[in-house]
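The block underneath contains the structure these notes are about, expressed in structure tokens.
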Amino acid sequence: MDSAITATTVLRGTNSGQWYVGSESMSSLSTPHSHRREISQERDLAHQVAAADPRRYIDETLSVEVLETMNKQADEAIASIVDQLVDEQVAACLATHIPQELQDQVAEQQKELEELHRDLHNSESRRANAALRTSHEDDSLNTILKQDCTDLMTEYEIPLVSDSREWNLNRLMQFLGVKYQMVRDGPATTGMGFA
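Oh and the sequence shown: position 14 is 18 in this note's numbering, straight run, nothing missing.
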């Protein structure tokens, strides 16, 4: 074969182990070291440019992601502060615009609604419990809610039973060793040492 045959196909480089596409003559592959060095430098430059693109892409992507994350965190912090300020302002406006008598009336109506909700729950539970049959022994009973937990206090023989549900629940949890205390504002909890 003639050493001057032109290579138009992909050739494998001998030193670097990389593919080389070219139209150089086969004889140029056996040229002196200076030409090989030029080809190697061109390849290195091409690899550096190709390697720089992913780094630049990664840098740009990371900077965009960091900015998005920081914007999201800033928006959440601002929303939290705004919510807190709105709550404070609404409470201040309610105190000045709604008389205490009306606020007490709203609190009383909320208490009545809670009682009605409890009564409805108990009624539905009684109806469901009445439908239970002995043939389905695995069916569980539905709960019946008591207003003040006095039965539990009596059953566990805990002294100082009160009309206050919170007081009785706190005493029961204290008796059972539960560290959580259901503390509510009001005269029922001040006697226990809670403010």
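Quick reminder that beta carbons are idealized off the backbone N, C-alpha and C, glycines included.
Proximity winner among the options, relative to residue i (alpha-carbon distances)
i	options	result
residue 131	117, 141, 148	148
residue 118	169, 57, 46	169
residue 123	113, 177, 150	150
heavy atom of the ligand SAM below 7 Å from residue i C-beta
i	result
residue 57	Of ligands this structure carries none, so the ligand SAM is not represented either.
Collapsed DSSP secondary structure at residue i in the structure displayed
i	result
residue 172	helix
residue 28	Confidence is the limiting factor: at residue 28 the pLDDT is only 47, short of 50, which leaves the residue's position unreliable, though a coordinate-based value still follows. DSSP places residue 28 in coil when its eight states are reduced to three.
residue 76	helix
residue 102	coil
residue 65	helix
residue 158	helix
residue 34	In this prediction, residue 34 scores a pLDDT of 49, lower than 50, which makes its location untrustworthy; the coordinate-derived value is nonetheless stated afterwards. Coil, per DSSP.
residue 58	helix
residue 86	helix
residue 91	helix
residue 43	helix
residue 182	coil
residue 48	helix
residue 153	coil
residue 164	coil
residue 21	Residue placement at residue 21 is flagged as unreliable, the pLDDT there being 48, under the threshold of 50; a coordinate-derived value is accordingly withheld.
Cβ separation of residue i and residue j, assumed to be a contact under 8 Å, to the nearest whole Å
i	j	result
residue 158	residue 172	Not quite, the Cβ-Cβ distance comes to about 10 Å (not below 8 Å), so this is no contact.
residue 129	residue 146	4 Å
residue 160	residue 176	7 Å
May I have a chain-ordered list of the alpha helix (DSSP H) segments no shorter than 4 residues that lie completely inside the region 103-145?
104-134
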